[in-house]
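A short worksheet on the structure shown next.
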Amino acid sequence: MRPFNFIKTENVSQALSQKKETAQFIAGGTNLIDLMKKNIAQPDTLLDITSSLSNKIEKKSKGIEIGAMVRNTAVALDETVLSQHPLVSKAILAGASPQIRNMASTAGNLLQRTRCPYFYDVTTPCNKRKPGSGCSAITGENRMNAIVGYNEQCVAVHPSDLCIALAALDAEVNFISKNQKQGSIDFKNFHKLPESTPQKDHTLPENSLITSVSINENHFNKNFAYVKVRDRDSYAFALVSVAAALHLKDNKIVEARLASGGVAHKPWRWYEAEKFLKNKEPNAKNFAEAATIATKDLKPLSHNSFKVSMLKGAIETALQDCIKV
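By the count of my numbering, the sequence shown reaches residue 321 at its end, each step adding exactly one.
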């Protein structure tokens, strides 16, 4: 790890004014420190923003707002979150370790980088780490990599569990730009696919700060599930994960939400399967058909074809778990 300066900022204005190309913001540091140790990130200055951003969860007229600095554990255990959006809590508790959840911030979770082994191995080509160098995973060991939404530029997958729940719930990311202007991005548009810029994980304007995440009130707080399939029961990233939520009325599905992790460069919504489930009865037959619709056009890589059947089973299981709650 190279030497760096450390500056603790007291407010947003100070943090933004000191942000430059060779400086990076740091909150919990649970991902950035790893990147620095591997010489992937080499900032000459770290701007500590832990005192600059909100660490509160507030009720708003349309739902709740989670401050950028709220630790993952605090989100998972918050009474309002558990009451209104328990899927968020379930997803967080399926991820990482208690020690990391105690440190990781809400905003930092959204911005964490892929865990593709070639991204972390600086001796190998990686377009995400060094644009134009190539993607080693396409013909290499790609067991953990994408089965949808990838291209020849990058087959890495997004690692977050929290983000899968936020994608399913149509959250919104609020930010403040370098010139002090506030804005927001629909969660479905926040993370991006590789396209021609695989080095870019998200659409947050450069040098901006995430200030909070908003989730509107909805009817998905009773019938929900988060299924995570991984190599170990803990401390492991998802091979595939599924966030599922159903709004039920009179034994009919008024609305369904399905999102997955471990399958694409961004949290992936299964919109066609959601549309199929609308106005259907919540039964095994319809759940199986929805899973078939979601997985019918997937294109696995050389070493991860097993993910297709695994994902199909995880979707069915998650939907079944929704009606067992």
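The C-beta atom is built at its ideal place from N, Cα and C for all residues, glycine as well.
Put residue i into one of helix, strand or coil per three-state DSSP.
{"i": "residue 202", "result": "coil"}
{"i": "residue 213", "result": "coil"}
{"i": "residue 207", "result": "strand"}
{"i": "residue 182", "result": "strand"}
{"i": "residue 44", "result": "strand"}
{"i": "residue 97", "result": "helix"}
{"i": "residue 318", "result": "helix"}
{"i": "residue 66", "result": "coil"}
{"i": "residue 221", "result": "strand"}
{"i": "residue 280", "result": "helix"}
{"i": "residue 112", "result": "coil"}
{"i": "residue 242", "result": "strand"}
{"i": "residue 152", "result": "coil"}
{"i": "residue 252", "result": "strand"}
{"i": "residue 84", "result": "helix"}
{"i": "residue 260", "result": "coil"}
{"i": "residue 17", "result": "coil"}
{"i": "residue 54", "result": "strand"}
{"i": "residue 237", "result": "strand"}
{"i": "residue 144", "result": "coil"}
{"i": "residue 292", "result": "coil"}
{"i": "residue 302", "result": "helix"}
{"i": "residue 36", "result": "coil"}
Please name the residue in the options whose C-alpha comes closest to that of residue i.
{"i": "residue 40", "options": "54, 15 and 61", "result": "15"}
{"i": "residue 369", "options": "53, 24, 172 and 231", "result": "Here the chain has residues from -3 to 321 only, and residue 369 is not among them."}
{"i": "residue 101", "options": "68, 88 and 109", "result": "68"}
{"i": "residue 259", "options": "208, 245 and 237", "result": "237"}
{"i": "residue 55", "options": "81, 313 and 160", "result": "81"}
{"i": "residue 111", "options": "99, 92 and 128", "result": "92"}
{"i": "residue 217", "options": "22, 75, 33 and 11", "result": "75"}
{"i": "residue 168", "options": "211, 132, 155 and 176", "result": "211"}
{"i": "residue 129", "options": "118, 182, 137 and 139", "result": "118"}
{"i": "residue 114", "options": "131, 275 and 88", "result": "131"}
{"i": "residue 137", "options": "165, 296 and 239", "result": "296"}
{"i": "residue 304", "options": "89, 316 and 139", "result": "139"}
{"i": "residue 224", "options": "22, 275 and 87", "result": "87"}
{"i": "residue 28", "options": "-3, 9, 268 and 5", "result": "-3"}
{"i": "residue 176", "options": "9, 5 and 94", "result": "9"}
{"i": "residue 309", "options": "299, 319, 280 and 320", "result": "280"}
{"i": "residue 165", "options": "85, 127, 120 and 230", "result": "85"}
{"i": "residue 187", "options": "257, 263, 178 and 127", "result": "263"}
{"i": "residue 250", "options": "230, 215, 183 and 94", "result": "215"}
Please look up how many angstroms separate the CB atoms of residue i and residue j, rounded, as I've assumed it's under 8 Å.
{"i": "residue 273", "j": "residue 241", "result": "Actually they do not touch by this definition, with Cβ atoms about 11 Å apart."}
{"i": "residue 232", "j": "residue 314", "result": "Not a contact, Cβ separation roughly 18 Å."}
{"i": "residue 193", "j": "residue 99", "result": "That belief does not hold up - the Cβ atoms of residue 193 and residue 99 are roughly 30 Å apart, past 8 Å."}
{"i": "residue 153", "j": "residue 142", "result": "5 Å"}
{"i": "residue 254", "j": "residue 277", "result": "Not confirmed; about 17 Å, so no contact."}
{"i": "residue 208", "j": "residue 174", "result": "Contact flag wrong, Cβ pair sits at about 18 Å."}
{"i": "residue 256", "j": "residue 294", "result": "Contact flag wrong, Cβ pair sits at about 11 Å."}
I'd like to check one pair, residue j with residue i: are the Cβ atoms closer than 8 Å?
{"i": "residue 332", "j": "residue 163", "result": "The structure shown does not extend to residue 332, since the chain spans only -3 to 321, so no value can be given for it."}
{"i": "residue 151", "j": "residue 134", "result": "yes"}
{"i": "residue 106", "j": "residue 36", "result": "no"}
{"i": "residue 48", "j": "residue 7", "result": "yes"}
{"i": "residue 261", "j": "residue 104", "result": "no"}
{"i": "residue 185", "j": "residue 149", "result": "no"}
{"i": "residue 66", "j": "residue 52", "result": "yes"}
{"i": "residue 21", "j": "residue 11", "result": "yes"}
{"i": "residue 116", "j": "residue 196", "result": "no"}
{"i": "residue 219", "j": "residue 244", "result": "yes"}
{"i": "residue 292", "j": "residue 275", "result": "no"}
{"i": "residue 324", "j": "residue 239", "result": "Residue 324 lies beyond the residue range present for the chain, which begins at -3 and ends at 321; the question has no answer from this structure."}
{"i": "residue 59", "j": "residue 213", "result": "yes"}
{"i": "residue 156", "j": "residue 108", "result": "yes"}
{"i": "residue 0", "j": "residue 31", "result": "no"}
At the 8 Å Cβ level, is residue i part of the contact set with chain B, yes or no?
{"i": "residue 75", "result": "No chain B is present in this structure, which holds just one protein chain."}
Q | At least 3 beta-carbon pairs within less than 8 Å: the region 275 to 288 vs the region 186 to 204 | A | no
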